[in-house]
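Residue numbers (the working numbering): 1241 to 1944. For every residue, glycine included, the Cβ atom is placed at its ideal position computed from N, Cα and C.
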């Protein structure tokens, strides 16, 4: 939390104060060292060890002034979270003292254990050596008493074991192909095209003491049992509502901590469900946006803890109310400052825009499976298609204007009407203003929103690296094909128009501007031939389809072995997640719910006996009826928890094939868990509050 001196700082003074950013480098590095480092950052030039030593020394001195005593190579292994090993700056001297030192070699390379992270079989347990490599394009920062150095992570034999390396590769691939297209269109100034992302982050806040009383929240991040509270989100009074004082204090400290780290935290508000909130940043380059989102999730949890709260980032912490997502706002910008997804006043003449738009349309259609796979997880399976998130069917929303533009190009009658509409309020004191050229379709997985695309299917806990790797790579592939088709053409407007016409004709099935929640859309999507990959187990096997393997190999994002490793890792995580959830359910029922309900039944039986001892004819229908109902439900819960236990035993004795195991969890264990939950939730609704062993939904969502 912010201290008094930080509270006195203005936001511009506070922002980036814990970051070794460009201003700090200009101030602290010799000019020749700074210029060399900038060439490494901007052009990918090799970093000389002499330069690295100078950078490391300056970085260490700066960090020590901020209170750092250690440094860590901060990386993002395949488990989707971050990892760090801390080493101190101390170095012994001959007189038994220590000095603070940090070398260029220590800055550039680290050696964490590569066998204890998920590798999908790329590394055996005895093959322990791994390397971290400094990523100079993402600024180092100080957090706590350590200097954090963003790094890539690979094995001793060179296999990529992280999410940063393929993300950087995909950004480079897209930049190369986009520049190639721009050259064909006559742009000789652009040297680089940068993908930018602004990931909105949804989350829940609950009381820390209540959290500690629920094993399911502690072990799995979500409630495995819980009857609905009398009030949920049906009054629509929480969304954008007044922020409660305790939450406002958390948000204020969260902003300050993020601003210190250079995170462009911009927007904060209440979300739809009770106890649900959102933070949205300003756009950053995709690599930095990914690093910053990982930081945001970590800082959210830490700041919440200091406020006596717990931040829940699971996609579906509570049944019956909205879950949490992470909208990935994606765009393309040249190094000259031009947004390539800005239609302009005459979009039918804006050839770069038309080609980028066509590439996205074609890519999303041809690689629907990859976009669905990029957001697949056991947690997100609860959320997708649940009338609070886009459906599992991938489609694109373009809005009326862009759809009409593409339809006009397809028909040979380009639409030239771009007159901007005015919103007239009908009240003289209120200003009339220009309307956006598209509405916002909250049911669309992939929506054009003015000058960017919003990929809305991401779950709240996910790393944004994988969706952006997929998106960057598929667009790079389509631009590569476009370049091959356009090179050598003499009449470029005519050639672009013909190419876009062909793309629209072949791929317009992916464009859908209607209600993605309707059953009619499910039927229409099937008619169009779109994929409906409802679960992780449905989606993930398609990852290794030949077209996908060839795509990633062609652009040097992954080798086939690295793709197989990622497939194994995600499937294993799916199985392990459900195994932990089912074990937690059985423990909660056997160890706490059974005794609590049995105790309440005994209390009711004693009440009946006491009443009849006073007067044998006293009415006891209420108590007796409740005893009978609870006893029946308890017997059902006992049978169901035994059934779930048997299902788990079957999974352990079954095939070692990961797909077979995951399918068993999806088809057998999840239904058994759902049946047990229904029974336990009915028990909760019929047991006196003081006898129920866990905080209820009413407690959890309305206690702050």
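Given residue i, which residues of its chain have a CB within under 7 angstroms of its CB, disregarding the five upstream and five downstream residues?
{"i": "residue 1459", "result": "1820 and 1824"}
{"i": "residue 1535", "result": "1501 and 1503"}
{"i": "residue 1231", "result": "For residue 1231 there is no data in the structure shown, the boundaries of the chain being 1241 and 1944."}
{"i": "residue 1743", "result": "1598, 1601 and 1602"}
{"i": "residue 1296", "result": "1342, 1343, 1344, 1346 and 1347"}
Count the other CB atoms, across all protein chains shown, that sit within 10 Å of the CB of residue i; report buried if there are 16 or more and exposed otherwise.
{"i": "residue 1437", "result": "buried"}
{"i": "residue 1510", "result": "buried"}
{"i": "residue 1865", "result": "exposed"}
{"i": "residue 1651", "result": "exposed"}
{"i": "residue 1379", "result": "buried"}
{"i": "residue 1429", "result": "exposed"}
{"i": "residue 1303", "result": "buried"}
{"i": "residue 1480", "result": "exposed"}
{"i": "residue 1839", "result": "exposed"}
{"i": "residue 1337", "result": "exposed"}
{"i": "residue 1751", "result": "buried"}
{"i": "residue 1889", "result": "exposed"}
{"i": "residue 1440", "result": "buried"}
{"i": "residue 1358", "result": "buried"}
{"i": "residue 1835", "result": "exposed"}
{"i": "residue 1516", "result": "buried"}
{"i": "residue 1712", "result": "buried"}
{"i": "residue 1760", "result": "exposed"}
{"i": "residue 1696", "result": "buried"}
{"i": "residue 1708", "result": "buried"}
{"i": "residue 1621", "result": "buried"}
{"i": "residue 1384", "result": "exposed"}
{"i": "residue 1631", "result": "buried"}
Flag residue i as yes if its beta-carbon sits less than 9 angstroms from any beta-carbon of chain D, otherwise no.
{"i": "residue 1261", "result": "Among the protein chains of the structure shown there is no chain D, as only one such chain exists."}
Closest to residue i by C-alpha separation, out of the options, would be which residue?
{"i": "residue 1938", "options": "1448, 1488, 1845 and 1514", "result": "1514"}
{"i": "residue 1710", "options": "1607, 1516 and 1778", "result": "1607"}
{"i": "residue 1785", "options": "1609, 1935 and 1296", "result": "1609"}
{"i": "residue 1574", "options": "1708, 1647, 1305 and 1434", "result": "1434"}
{"i": "residue 1641", "options": "1753, 1625 and 1548", "result": "1753"}
{"i": "residue 1832", "options": "1877, 1684 and 1493", "result": "1877"}
{"i": "residue 1879", "options": "1843, 1716 and 1919", "result": "1919"}
{"i": "residue 1350", "options": "1684, 1653, 1313 and 1320", "result": "1313"}
{"i": "residue 1319", "options": "1914, 1817 and 1282", "result": "1817"}
{"i": "residue 1407", "options": "1526, 1426 and 1472", "result": "1526"}
{"i": "residue 1414", "options": "1930, 1717 and 1316", "result": "1717"}
{"i": "residue 1863", "options": "1856, 1845 and 1854", "result": "1845"}
{"i": "residue 1904", "options": "1778, 1261, 1805 and 1791", "result": "1778"}
{"i": "residue 1421", "options": "1577, 1692, 1776 and 1720", "result": "1720"}
{"i": "residue 1462", "options": "1578, 1701 and 1634", "result": "1701"}
{"i": "residue 1952", "options": "1386, 1545, 1928 and 1252", "result": "Here the chain covers residues 1241 to 1944 and nothing more, so residue 1952 does not appear."}
{"i": "residue 1619", "options": "1416, 1361, 1300 and 1774", "result": "1774"}
{"i": "residue 1253", "options": "1419, 1496 and 1269", "result": "1496"}
{"i": "residue 1706", "options": "1900, 1566, 1326 and 1452", "result": "1566"}
Closer than 8 angstroms by C-beta to residue i: which residues in its own chain qualify, once you throw out the five before and the five after it? Chain order, please.
{"i": "residue 1841", "result": "1867, 1870, 1871 and 1874"}
{"i": "residue 1884", "result": "1822, 1825, 1826, 1909, 1912, 1913 and 1916"}
{"i": "residue 1942", "result": "1469, 1471, 1514 and 1515"}
In this structure, does DSSP put residue i in helix, strand or coil?
{"i": "residue 1343", "result": "coil"}
{"i": "residue 1904", "result": "helix"}
{"i": "residue 1736", "result": "helix"}
{"i": "residue 1944", "result": "coil"}
{"i": "residue 1388", "result": "strand"}
{"i": "residue 1512", "result": "coil"}
{"i": "residue 1593", "result": "helix"}
{"i": "residue 1934", "result": "coil"}
{"i": "residue 1479", "result": "coil"}
{"i": "residue 1261", "result": "coil"}
{"i": "residue 1939", "result": "helix"}
{"i": "residue 1559", "result": "coil"}
{"i": "residue 1310", "result": "strand"}
{"i": "residue 1214", "result": "The first residue shown for the chain is 1241 and the last is 1944, placing residue 1214 beyond what the model contains."}
{"i": "residue 1706", "result": "helix"}
{"i": "residue 1326", "result": "strand"}
{"i": "residue 1614", "result": "coil"}
For residue i, which residues from the same chain have a beta carbon less than 6 angstroms from its beta carbon, with the 5 sequence-adjacent residues on both sides left out?
{"i": "residue 1726", "result": "1424 and 1735"}
{"i": "residue 1887", "result": "1908, 1909 and 1912"}
{"i": "residue 1800", "result": "1789"}
Measure the beta-carbon distance from residue i to residue j and round it to whole angstroms, keeping in mind my assumption that it falls under 8 angstroms.
{"i": "residue 1455", "j": "residue 1828", "result": "6 angstroms"}
{"i": "residue 1616", "j": "residue 1780", "result": "6 angstroms"}
{"i": "residue 1322", "j": "residue 1538", "result": "7 angstroms"}
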